[in-house]
Amino acid sequence: MIFLLVSSLPLLISLVIIIVLYKRLRPKWIRAFTWYMLFTQIIAIVGYQYSARFKESNHFIFNSYLLVEFIFFFCIFYKSFQTKRLKKLTVALAIGFLIFTILSFLSVFAKDGFYVFNSPVYMVGSLITIIMCLLFFVSLFKSEGIINYFQIPMFWIATGILFYFVGNFIYLGFIDYIIANNLDKDGAIYRFITFTLSLLLYSLFTIGFLSNQTLKTKT
Amino acid sequence: MIFGVIFTTIVLLLLAAFLMFFFVRYRVKNNDYIKEREAMQKSFEQTLLQSQIEVQEATFAGVAKELHDNIGQLLSSTKMLLGITQRNMGNSPDTLTIAEETLGKAISELRSLSKSLDREWLEQFDFIHNLEAESSRINEAKHLRISFTHPEKISLKPDEQIILFRIVQEAMQNAMKHAHPALIQIHLTVAKEKLRVLVTDDGSGFDESHQKEGMGIRNMKHRTKLLGGNINWNSTGNGSSVIIELPNNAYKL
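First to last, the sequence lines map onto chains P and X.
Quick note, the first sequence lines up with residues 153 to 371 if you use the numbering used here.
Quick note, the second sequence lines up with residues 7 to 259 if you use the numbering used here.
Quick look at the structure:
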C-alpha cells in the first residue's frame with residue numbers, strides 16, 4: 153500500500169492542483185484531465201487491491217484502462233489541433249486503433265485468456281500517441297506570429313505525454329519477453345521506470361495547468 | 007537483454023529531449039526574428055507617414071505663400087484702388103464703403119489662413135498658442151464660438167506639435183463643414199501620463215454606422231498613428247466628439 157501511495161504521489165499532487173484551478177482553466181477542455189487523473193488513480197487502487205486480495209493478475213483491469221487512456225489522449229489532441237486535416241487524421245487513427253484493439257483483444261483472449269497484458273495494443277496506442285505529440289509540436293512549430301511555448305498548457309502536457317510513452321515504449325514492448333525470461337525479477341526496474349516517468353508526466357501536467365493560470369492572470 | 011532495454015529507453019528519451027530542445031530553440035529564434043521584422047515594419051511605416059506629412063506640410067506652405075504673396079497682394083491692390091476711387095469721388099456711395107470694408111476683412115482672413123498653414127509661422131509658437139490663435143481667428147468671424155481649455159503649460163516636440171495641431175485643426179474643420187455647430191469646445195488635459203485632446207461640438211452629429219472615411223479622417227488617423235496614439239469619434243443627437251489620446255512617449259512635460 154505504501155508503494156501505491158508513493159508511486160501515486162505525483163498524480164495526486166497534480167490532481168489536487170487541477171481541482172483547485174478547475175474553474176480557472178482555459179481552454180475549458182483542459183478540465184477533462186481532472187476526470188482522467190481521477191479515473192487513473194481509481195484504476196491504480198482497484199488494480200492494486202484486486203491483485204493483493206485475490207492474488208491474481210490484474211492485467212484485465214489495465215487492458216480495459218488502456219482503451220480509455222488512449223481514447224482520452226486522442227480526444228485531447230483532436231481538441232488541440234487547429235487544422236481540419238489534423239483533426240481528420242486524429243479521427244482516422246482513433247478509429248484504426250479501436251478496430252485494432254477489438255481484433256487484438258479477441259485474438260489475445262482466445263489464445264492467452266483475460267489475464268495477460270495486451271502489449272500490442274499498448275505499443276500501437278503509444279505509437280499513435282507519440283505521433284500525435286509530434287504532429288502537435290510540428291503544428292506549433294509552423295504557426296505564425298510570436299508564440300511563447302511555455303505559456304501554452306498543451307505544450308507542457310504534450311511534452312509530458314511524449315516522454316512518458318517514449319520511456320515506456322521499449323520496456324512494455326518487451327514485457328512478455330522480460331516476464332517469460334524473468335529478466336526483471338522483483339519488478340524493480342519496471343517500478344523505477346514507471347515512477348520516474350510518472351513523476352515527469354504529472355510534473356509537466358502540473359506546470360501546464362499552472363502556466364495556463366499565469367497566462368490568464370496576465371491577460 | 008534488460009540492459010539493452012534500459013539503454014534504448016535512455017537513448018529514446020534523450021532523443022525526445024533533443025527534439026524538444028530543437029523545437030523550443032527554433033521558436034525562440036523565430037520569435038526574435040518576428041519581433042525584429044515587426045520593428046522594421048513599424049519603423050518603415052513611421053518613416054512613410056512622416057514623409058507623407060512632410061510632403062503635405064510643404065504643400066500647405068506653398069499654398070500659404072501663394073495666398074499671401076499672390077492673392078493677398080491682388081486683394082490689397084484692389085483695396086487700395088477702391089480707396090483711391092472713394093477719395094476721387096468725394097461723396098462715395100455706401101455700397102463702395104461696405105465693399106472696401108468687406109475686402110479688408112477678406113484680406114485679414116486670408117492673412118490669418120495663410121499664417122495657419124505656414125509651418126515656419128507655426129514653429130514659432132507652442133501648441134497652446136497655435137490653437138488659441140486658430141480659435142481666435144475663427145471666433146473673429148462670429149459664425150460660431152470656439153472655447154479652448156488647457157493646462158498652463160505643455161511642451162511638445164516641434165514636429166509632434168505641428169502634427170497634433172493639424173489633427174485638431176482637421177477636427178474643427180470637419181465639425182464646421184458637416185455639423186454646423188454653434189459651439190466647439192476643445193479640452194486639452196494631461197492625466198495618467200497621457201495627453202488627451204477632446205474636441206466636442208453641439209452640431210447635428212453624424213450617423214456612426216454610415217460614417218465615410220474621407221481623406222481628412224484618414225489623415226487624422228495617420229497623424230495620430232505617427233504619434234503612437236489613438237483617435238476615436240463619437241456622435242449623439244446633441245453633437246459629436248473626437249478624442250485624441252497620445253501615449254507618454256509622444257510628449258514631454
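Built from N, CA and C at the ideal position, the CB exists for glycine as well.
Because the structure is a prediction, the values reported are computed rather than measured.
Would you please state the rounded distance, in angstroms, between the beta carbons of residue i and residue j? I believe it to be under 8 Å.
i, j, result
"X/Leu123", "X/Leu109", "The pair is not a contact, with the Cβ atoms about 21 Å apart (cut-off 8 Å)."
"X/Met177", "X/Val248", "Looking at the sequence provided, one finds Ala at residue 177 of chain X rather than Met. With a Cβ gap of about 4 Å, X/Ala177 and X/Val248 count as contacting."
"X/Leu18", "P/Phe185", "So it is not a contact: roughly 25 Å between Cβ atoms."
"P/Ser271", "P/Gly325", "7 Å"
"X/Gly78", "X/Leu102", "Actually they do not touch by this definition, with Cβ atoms about 21 Å apart."
"X/Glu154", "X/Ser141", "Sequence check: residue 154 of chain X is Phe here, not Glu. Right, the Cβ-Cβ distance comes to about 5 Å (below 8 Å), so this counts as a contact."
"P/Leu238", "P/Ser160", "Not quite, the Cβ-Cβ distance comes to about 33 Å (not below 8 Å), so this is no contact."
"P/Leu349", "P/Gly319", "4 Å"
"X/Leu194", "X/Gln52", "That pair is no contact at about 24 Å."
"P/Gly277", "P/Phe222", "4 Å"
"X/Gly209", "X/Gly245", "5 Å"
"P/Ile313", "P/Thr281", "6 Å"
"X/Ser83", "X/Ile113", "With 8 Å as the limit, X/Ser83 and X/Ile113 do not qualify as a contact, their Cβ atoms being about 11 Å apart."
"P/Leu163", "P/Gln193", "6 Å"
"P/Ile155", "X/Ala22", "Looking at the sequence shown, residue 155 of chain P is not Ile but Phe. That pair is no contact at about 27 Å."
"P/Ile379", "X/Asn37", "What the structure shows of chain P is the stretch from 153 to 371, and residue 379 of chain P is not part of that stretch, so it cannot be assessed."
Please classify residue i as buried or exposed, where buried requires at least 16 other C-beta atoms within 10 Å of its C-beta.
i, result
"X/Gln167", "buried"
"P/Leu157", "exposed"
"X/Pro99", "exposed"
"X/Arg229", "buried"
"P/Lys370", "Caution applies to P/Lys370, whose pLDDT of 42 falls short of 50 and renders its modelled position unreliable; the value that the coordinates give is listed next. It is exposed - the Cβ of P/Lys370 has fewer than 16 other Cβ atoms within 10 Å."
"X/Ala256", "Low per-residue confidence applies at X/Ala256: pLDDT is 42, beneath 50, and the placement is therefore not dependable enough to give any value."
"P/Trp187", "exposed"
"X/Ile173", "buried"
"X/Phe50", "exposed"
"X/Ile90", "exposed"
"P/Lys294", "exposed"
"X/Lys121", "buried"
"P/Phe357", "buried"
"X/Arg93", "exposed"
"P/Phe317", "buried"
"X/Asp207", "buried"
"P/Leu255", "exposed"
"P/Thr366", "Note on P/Thr366: pLDDT 48, under 50, position unreliable in the model; the coordinate value appears next. Under this definition P/Thr366 is an exposed residue."
"P/Val220", "exposed"
"X/Met7", "exposed"
"X/Leu259", "Any reading at X/Leu259 must be qualified, since the residue scores a pLDDT of 40, below 50, and its modelled position is unreliable; the value itself is stated next. By the 10 Å Cβ count, X/Leu259 comes out exposed."
"P/Leu353", "buried"
"P/Ile171", "exposed"
"P/Phe229", "buried"
"X/Ile144", "buried"
"P/Asn215", "buried"
"P/Gly395", "Nothing about residue 395 of chain P can be read from this structure; chain P reaches only from 153 to 371."
"X/Gly211", "buried"
"X/Val205", "buried"
"P/Asp264", "exposed"
For residue i, write down the residues that DSSP places opposite it in a beta bridge.
i, result
"X/Gln191", "X/Ser153 and X/Thr206"
"X/Leu201", "X/Val196 and X/Leu252"
"X/Ser246", "X/Asp207 and X/Ser241"
Can you tell me where the beta strand (DSSP E) holding residue i begins and where it ends?
i, result
"X/Thr242", "Asn236 to Thr242"
At least one CB of chain C closer than 8 Å to the CB of residue i: is that the case?
i, result
"P/Leu356", "The displayed structure is made up of protein chains P and X, and chain C is not among them."
Just to confirm the assignment, what range does the alpha helix (DSSP H) spanning residue i have?
i, result
"P/Val268", "Segment: none, P/Val268 is in no alpha helix (DSSP H) and carries neither H nor E."
"X/Lys41", "Ile8 to Glu72"
"X/Thr84", "Gly78 to Met95"
"P/Ile228", "His211 to Ser232"
"X/Ala177", "Pro164 to Asn180"
"P/Trp308", "Pro305 to Gly325"
"P/Ile154", "Ile154 to Leu173"
"P/Tyr202", "Ala184 to Phe206"
"X/Ser98", "First-last for X/Ser98: undefined, no H or E at that position."
"P/Thr235", "First-last for P/Thr235: undefined, no H or E at that position."
"X/Asn225", "Met221 to Leu232"
"X/Ser141", "Phe133 to Glu146"
* Going along the chain, which residues of the region 24–43 of chain X sit with their C-beta nearer than 7 Å to a C-beta in chain P? -> Met26, Phe29, Val30, Tyr32, Arg33, Asn37, Ile40 and Lys41
* Quick one: which residues of the region 295–310 of chain P get their C-beta closer than 8 Å to a C-beta of chain X? List them in chain order. => Gly297, Ile298, Ile299, Asn300 and Tyr301
* For the region 314–332 of chain P, enumerate the residues whose C-beta is nearer than 9 Å to any C-beta of chain X, in chain order. => Leu314, Phe315, Val318, Gly319, Asn320, Phe321, Ile322, Tyr323, Gly325, Phe326, Tyr329 and Ile330
* **Interface residues of the region 336–348 of chain P facing chain X [CB-CB below 9 Å]** => Asp336, Ile341 and Ile345
* Report the residues of the region 43–55 of chain X with a CB closer than 8 Å to any CB of chain P, ordered along the chain. => none
* Residues in the region 178–191 of chain X with C-beta within 8 Å of chain P's C-beta atoms, listed in sequence order? -> none
* Near-chain X residues of the region 203–236 of chain P (beta-carbon distance less than 7 Å), N- to C-terminal order -> none
* Asked: Can you list, in chain order, the residues of the region 260–280 of chain P whose Cβ is nearer than 9 Å to any Cβ on chain X?
  -> none
* **Proximal residues, the region 244–258 of chain P versus chain X, C-beta separation under 9 Å** => none
* Scan the region 217–241 of chain X for residues whose Cβ lies nearer than 9 Å to a Cβ of chain P and list them as they occur along the chain. => none
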